[in-house]
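Using this note's numbering, the letters of the sequence shown map in sequence onto residues 9 to 290. Report on the structure given below.
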Amino acid sequence: MEKLFSLFTEGWIILELDLNGINADSLVQMLRASFTLENWDGILQIADRLYSEINQFYNIYRREYADGQKVCNFGLNRSIVYYFGYSMCLKGIALEKLGRYDEARECISKYEDLGWINGMNAEGWAEVEYYREIALANLHVIELNEGNTTALPDYLVFLRHNEEEILPGMIYILESAIKHKYNVDEVLIEFKEQIDSMGEYYITKRNIRYYIDYIYLKAKYYYINGNIYDSINSLLCSLASSVKLKDDTGFRKSAVLFEKLRNQTTSGQLDEYLCLMEQIQD
9 MEKLFSLFTE
19 GWIILELDLN
29 GINADSLVQM
39 LRASFTLENW
49 DGILQIADRL
59 YSEINQFYNI
69 YRREYADGQK
79 VCNFGLNRSI
89 VYYFGYSMCL
99 KGIALEKLGR
109 YDEARECISK
119 YEDLGWINGM
129 NAEGWAEVEY
139 YREIALANLH
149 VIELNEGNTT
159 ALPDYLVFLR
169 HNEEEILPGM
179 IYILESAIKH
189 KYNVDEVLIE
199 FKEQIDSMGE
209 YYITKRNIRY
219 YIDYIYLKAK
229 YYYINGNIYD
239 SINSLLCSLA
249 SSVKLKDDTG
259 FRKSAVLFEK
269 LRNQTTSGQL
279 DEYLCLMEQI
289 QD
């Protein structure tokens, strides 16, 4: 679908995407795929292209709406609000992952209030409210990434009222706890039952990266806090899930950490690991 041009810079391969002629809904799918692959630089390119395309559509839409003409939906599957919000939300997440927090805040400012869009129906207004809430939550995430743990109580309130955001939310919390070395044992306990019950939902209905990343980060959190036994058990779970779901990204990260801890495994844990390796060879 897209043309890839490889540029070699300082030994790294940088992919530039030729996104001309790709429609908005295909760009959305590319953003989702890039998120799964943790291709943050790719997301920046695709999100900007999607935002630009939707902005062009909206300018035409706005003129037609002002003139009382029958407005065109440009073959979009969702409301225009969705594309404005989704493009900047994903771009903001990518910038946050890259540690570019000020730029991530600028992205959030572009979707925290989309009520300025003309001619919205009920679906459009629902998207406005959704992105307003997500923007506030993502501001808390940036604060946590910067080490401001005072943002944690407010973020937990958001998670308690938005069950579908619990798993990605726990990923952000674990990343912050690992980076800034603070204890979130009570948070893990609070949401454990809900996450266990939602595992199948994330595997089948949403992004498997959330599910596997959570298990991996939990293993890493246990490791830096000296809980090696639980860390290795979590890694085995992450590896088994990665093999089952054919998630190479998750498998690689978990395997690297397991090898680091291999000498501290029990015989049963090591046998389970070797069994997983045999499955891959077969």
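Beta carbons: idealized from backbone N, C-alpha and C, even for Gly. If you're wondering where the values come from, they're calculated on a predicted model, not measured in any experiment.
Does residue i pass the burial test, meaning 16 or more other C-beta atoms within 10 Å, or should it be called exposed?
i, result
"residue 45", "exposed"
"residue 11", "Confidence is the limiting factor: at residue 11 the pLDDT is only 30, short of 50, which leaves the residue's position unreliable and the question unanswerable from this model."
"residue 112", "buried"
"residue 62", "buried"
"residue 260", "exposed"
"residue 222", "buried"
"residue 71", "exposed"
"residue 242", "buried"
"residue 264", "exposed"
"residue 67", "exposed"
"residue 38", "buried"
"residue 169", "exposed"
"residue 237", "exposed"
"residue 304", "It is not possible to answer for residue 304, since the shown part of the chain is limited to 9 through 290."
"residue 52", "buried"
"residue 282", "exposed"
"residue 227", "buried"
"residue 197", "exposed"
Grouping DSSP H, G and I as helix and E and B as strand, with all else coil, what is residue i?
i, result
"residue 331", "Within the shown structure, residues of the chain are numbered from 9 to 290, placing residue 331 beyond reach of any answer."
"residue 14", "Because residue 14 sits at a pLDDT of 28, beneath the cut-off of 50, its placement in the model cannot be relied upon, and the point is left open."
"residue 254", "coil"
"residue 147", "helix"
"residue 121", "coil"
"residue 288", "helix"
"residue 194", "helix"
"residue 130", "helix"
"residue 19", "At residue 19 the pLDDT is 31, less than 50, meaning the model places this residue with poor confidence; the figure from the coordinates comes in the next sentence. Coil, per DSSP."
"residue 83", "coil"
"residue 208", "helix"
"residue 9", "Per-residue confidence for residue 9 stands at a pLDDT of 30, beneath the threshold of 50, marking its modelled position as unreliable; the derived number appears in the next sentence. Note: residue 9 maps to coil in three-state DSSP."
"residue 247", "helix"
"residue 260", "helix"
"residue 57", "helix"
"residue 167", "helix"
"residue 182", "helix"
"residue 189", "coil"
"residue 47", "coil"
"residue 153", "helix"
"residue 100", "helix"
"residue 274", "coil"
"residue 269", "helix"
"residue 67", "helix"
"residue 113", "helix"
"residue 108", "coil"
"residue 235", "coil"
CB residue i to CB residue j, shorter than 9 Å?
i, j, result
"residue 128", "residue 115", "no"
"residue 105", "residue 59", "no"
"residue 307", "residue 143", "With the chain represented from 9 up to 290, any question about residue 307 goes unanswered, as that position is not in the structure."
"residue 255", "residue 232", "no"
"residue 139", "residue 122", "yes"
"residue 280", "residue 225", "no"
"residue 84", "residue 54", "no"
"residue 82", "residue 32", "yes"
"residue 181", "residue 218", "no"
"residue 244", "residue 206", "no"
"residue 202", "residue 171", "yes"
"residue 30", "residue 88", "no"
"residue 262", "residue 275", "no"
"residue 145", "residue 107", "no"
- Three or more C-beta pairs closer than 8 Å, one from the segment 269-279 and one from the segment 249-256: is that the case here? no
- Query: Looking at C-beta atoms only, is the number of pairs between the segment 162-173 and the segment 129-140 that lie closer than 8 Å three or more?
  - Reply: no
- Message: When you compare the segment 145-161 with the segment 175-193, are there three or more beta-carbon pairs, one atom per stretch, that lie closer than 8 Å?
- Response: yes
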